[in-house]
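In this note's numbering, the protein residues as written are 11 to 413.
All residues carry an ideal CB built from backbone N, CA and C; glycine is no exception.
Read the structure below first, then the notes.
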Amino acid sequence: MAGTREQTREPTSARWGGTVQPGFEPLAEEFKRLMARGPRGGALVLRSADRVLADLCIGWEDQVHTRPWRPETQALAFSATKGLASMVIHRLADRGQIDYGAPVASYWPEFAAAGKDRITVRELLSHRAGLYDVQAVAHNADELLDHIGMEQRLAAATPDGPPGRPAYHAITYGWLASGLARAVTGKGMRDLVRTELAEPLGTSGLEIGTGDGPTKPAEMVGRSLRIYSAFGIAATPLLGWLPITKAGFRALHAPGFEEICRGPDPALWRTEMPAVNGALSADGLARLYVPLATGGLGPDGRPFLSPETVERLGRIQTRGLDRVLGVRMRWRLGFHHAFALGRPGPRALGHYGFGGSGGWGDPDTGISFGFISSHIGNFTTAIGDLGILRLTAVARVCAARSL
11 MAGTREQTRE PTSARWGGTV QPGFEPLAEE FKRLMARGPR GGALVLRSAD RVLADLCIGW
71 EDQVHTRPWR PETQALAFSA TKGLASMVIH RLADRGQIDY GAPVASYWPE FAAAGKDRIT
131 VRELLSHRAG LYDVQAVAHN ADELLDHIGM EQRLAAATPD GPPGRPAYHA ITYGWLASGL
191 ARAVTGKGMR DLVRTELAEP LGTSGLEIGT GDGPTKPAEM VGRSLRIYSA FGIAATPLLG
251 WLPITKAGFR ALHAPGFEEI CRGPDPALWR TEMPAVNGAL SADGLARLYV PLATGGLGPD
311 GRPFLSPETV ERLGRIQTRG LDRVLGVRMR WRLGFHHAFA LGRPGPRALG HYGFGGSGGW
371 GDPDTGISFG FISSHIGNFT TAIGDLGILR LTAVARVCAA RSL
C-alpha cells in the first residue's frame, strides 16, 4: 500500500482507499479497523509540512451510498471548528491588530456591558470569560441561527462569576471570537476563515458553514444527536439546576440544536456558528496545524505565523478544573493538548470535537494531523472519543519510528 492508492471491493459500508508512506502502514490499518464498522465515512491526513505521510478515506458521503467519500469531502467538525476561529484571532494578533493582554472591550466596546470591561482576550481564548451558558442567550433554533444576534446577546450578557475560572465555552466560543474579529476587521468569521486561513494554506477544505455555494458536505449518521436532544429535554429540570451539573448542562445543551442538524441539507450549514459548524476536509485540518508544527511556516514553506506567536500559543494558560468538562484541560490560547492513548506528545496541541473529528500539530515531530468522520456514535464526548485518541497514538508511534 505504501506510496500507492488502493481501492478494494468490500461491503459498501467499508469502501476505502488511501496512500501512505513507508513506515505509516500501521496508521492505515488502524484507520481501516476503526472506520470499517457500520454506515459511516471519513478521512485522515497526516503531514510533515508539504509532505503527505498518509491520505486515507473510507465509506460514503450519503446515507444511501451513492457518493463515495473522496479526499476533498467535507464533514461537520463540531468543536474542531474552534481551531479555525482561534487561528483567525492569532493571525490578527500576529499582525498587531489584537493584543492578548488587552480587554476585549477595547476592541469591541459593546462587550463592556454587565461588568465585562476587564475581561481580556487571553481569558476569552482560554475559556475563562464566564460566558459559557448558551441557554442564557439562545432560547430556540431561530436564535441559534442568527449569528449576528448571538454576538450581540453575548456582548450584552452577564458573566457567571468573575473571570479567571475555566469553563469550556462549548457553543458560545465561536460567536465570542467572531464578535471580536468583526469589531477589529469589519468582517464575519466565514469571510475571515476563507481569506486568513483557507487561501494562504492552499485548501478549499476549511469553511464556516457552506452558504449558498456548491459544496455538499457529508450527511451525518448515528443516533447521538437524537439522544442529545431527548436527554436535554428530559434532564433540564434536574441537571440544569444542580450545582455540580449546572455549568456542563447549560454550556453543552442548546435549545433547538438537534432540530437545525436534521436532514440531508440541515439549516446548520446556512449560518455562522464558529464553535461548531465547520465544513472541513481532513487535509484542510492537517494544513491548518502545519504552522504549529513548523514554527509558523505554512505547507508551502512561507511564513503563516511568526515563531514568537507560535511559541505563545503553546503556553498553558490554566491548570484548574474545568467547570463544564469536569477535568483539568490545561487550556492554551484557543487550543488544548492533543490527547492520545499511549505515546505522549507533550507539546502537541489542537482541537477535537463531538463525534471524534479533530486536528493537531506537534512541534517535536513536525507533523500535523486531520481526521473527520460522518459518524456520531453513542460513546462520544464534548471533545472527541476513543477513536481519535487511538489514531493520534498510532500516528505518533509511526512518526517516531520513521522520521
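Item: Given 8 Å, three or more beta-carbon pairs between the segment 69-89 and the segment 396-413; Value: no
Item: Collapsed DSSP secondary structure at residue 70 in the structure displayed; Value: strand
Item: Alpha-carbon spacing of residue 131 relative to residue 38, whole angstroms; Value: 40 Å
Item: DSSP state of residue 112 mapped onto helix, strand, coil; Value: coil
Item: Short Cβ contact (8 Å threshold) for residue 187 with residue 95; Value: yes
Item: Cβ pair residue 46, residue 55 closer than 8 Å; Value: no
Item: Coil, strand or helix - residue 99 by DSSP; Value: helix
Item: Check whether residue 144 and residue 163 have beta carbons under 8 Å apart; Value: no
Item: Beta-carbon contacts of residue 82 that lie in its chain and below 6 Å, excluding the five residues immediately before and after; Value: 291
Item: Helix, strand or coil at residue 414 according to DSSP, with G and I counted as helix; Value: Outside the displayed range of the chain (11 to 413) lies residue 414, so it cannot be described from this structure.
Item: Per-residue DSSP class, three states only, for residue 401; Value: helix
Item: Ranges of the alpha helix (DSSP H) found wholly within the segment 113-138, counting only runs of at least 4; Value: 131-135
Item: Euclidean distance between Cα positions of residue 283 and residue 257; Value: 20 Å
Item: The segment 367-386 contacting the segment 294-310, beta-carbon criterion three pairs below 8 Å; Value: yes
Item: Beta-carbon spacing of residue 353, residue 280 below 8 Å; Value: no
Item: Pairwise C-alpha distance: residue 229 and residue 23; Value: The predicted position of residue 23 is uncertain, since its pLDDT is 41 and thus under 50; a value taken from the coordinates is nonetheless stated next. Going by the C-alpha atoms only, they are around 14 Å apart.
Item: Coil, strand or helix - residue 81 by DSSP; Value: coil
Item: Between the CA atoms of residue 123 and residue 355 - distance to the nearest angstrom; Value: 41 Å
Item: Neighbour-count burial assignment, residue 89, 16 or more Cβ in a 10 Å radius; Value: buried
Item: Three-state secondary structure (DSSP) of residue 408; Value: helix
Item: Best match in 171, 86 and 62 for proximity to residue 287 [C-alpha to C-alpha]; Value: 86
Item: Selection from 270, 141 and 197 that minimises the alpha carbon distance to residue 334; Value: 141
Item: Residues bridged to residue 270 (per DSSP); Value: Answer is none; residue 270 lacks a bridge partner.
Item: Beta-carbon proximity check, residue 308 vs residue 210, cutoff 8 Å; Value: yes
Item: Per DSSP, the bridge partner or partners of residue 29; Value: 65
Item: 7 Å CB neighbourhood of residue 244 in its chain, flanking five on each side removed; Value: Confidence is the limiting factor: at residue 244 the pLDDT is only 40, short of 50, which leaves the residue's position unreliable, though a coordinate-based value still follows. The answer is none, since no qualifying residue turns up.
Item: Identity of the residues DSSP links to residue 362 by a beta bridge; Value: 368
Item: Classification of residue 251 by the beta-carbon crowding that lies within 10 angstroms, buried from 16 upward; Value: Note that residue 251 scores 42 on pLDDT, short of 50, meaning its location in the model is unreliable; the coordinates nonetheless yield the value given after this. Under this definition residue 251 is an exposed residue.
Item: Counterpart residues of residue 289 in DSSP-defined beta bridges; Value: 86 and 217
Item: C-alpha distance - residue 303 paired with residue 357, whole-angstrom precision; Value: 9 Å
Item: Rounded Cβ spacing between residue 53 and residue 262 (contact assumed at less than 8 Å); Value: Not a contact, Cβ separation roughly 26 Å.
Item: Own chain partners of residue 120 with C-beta closer than 6 Å, once the 5 adjacent residues on each side are dropped; Value: 165
Item: Proximity below 8 Å, CB of residue 176 to CB of residue 116; Value: no
Item: Identity of the residue in 59, 183 and 42 nearest residue 51 by Cα; Value: 42
Item: Contiguous alpha helix (DSSP H) assignments of at least 4 residues, all confined to the segment 151-177; Value: 151-155 and 157-166
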